[in-house]
């Protein structure tokens, strides 16, 4: 399909990575009915966390926005491995967690990295409900973590 999600990713200069192996007792994604629930995805590439620390202290908001995009790419890889990206009907909900230094309040702008990617790949079907939450720490000292819920055909 030349206009499908894989083609859109290629147009953006992106390709789906390998699915990030779980770091604990869970699976990357699970389907229940017409929905796929994606476990929290960290900004991992080629088996390595791309950055550590809190946003606003050691990790810039701009860097964190790029890391959020990587989290979304990893989430899409988990969906693709389970049901195929071409079966996504709608991105329903994105939950983004940002390890935030005291006084950092830019969580929504950071999570836009993930939201913008989903919109670019899926168009109107990529528009979603969302939460952007500031937290003290994330697993492995990651700056950002993303969860997705998608509707599939």
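Residue numbers (this note's numbering): 25 to 177. Cβ atoms here follow ideal geometry from the backbone N, Cα and C, with glycine treated the same way.
Problem - Burial state of residue 156, where buried means 16 or more other Cβ atoms lie within 10 Å - result: Label assigned to residue 156: buried.
Problem - residue 63, buried or exposed, once every other Cβ within 10 Å from all chains shown has been counted against 16 - result: When all chains shown are included, residue 63 counts as buried.
Problem - Reduced DSSP category for residue 59 - H, G, I as helix; E, B as strand; rest coil - result: Looking at residue 59 - three-state DSSP - the assignment turns out to be strand.
Handout entry: Where residue 49 falls: helix, strand or coil (DSSP)
Key = Correct three-state label for residue 49: coil.
Exercise for the section: Could you check the C-alpha separation between residue 175 and residue 148 for me, to the nearest Å? Expected result: Between residue 175 and residue 148, the C-alpha separation is close to 13 Å.
Handout entry: Burial state of residue 102 (16 or more Cβ within 10 Å)
Key = Buried: at least 16 other Cβ atoms inside 10 Å.
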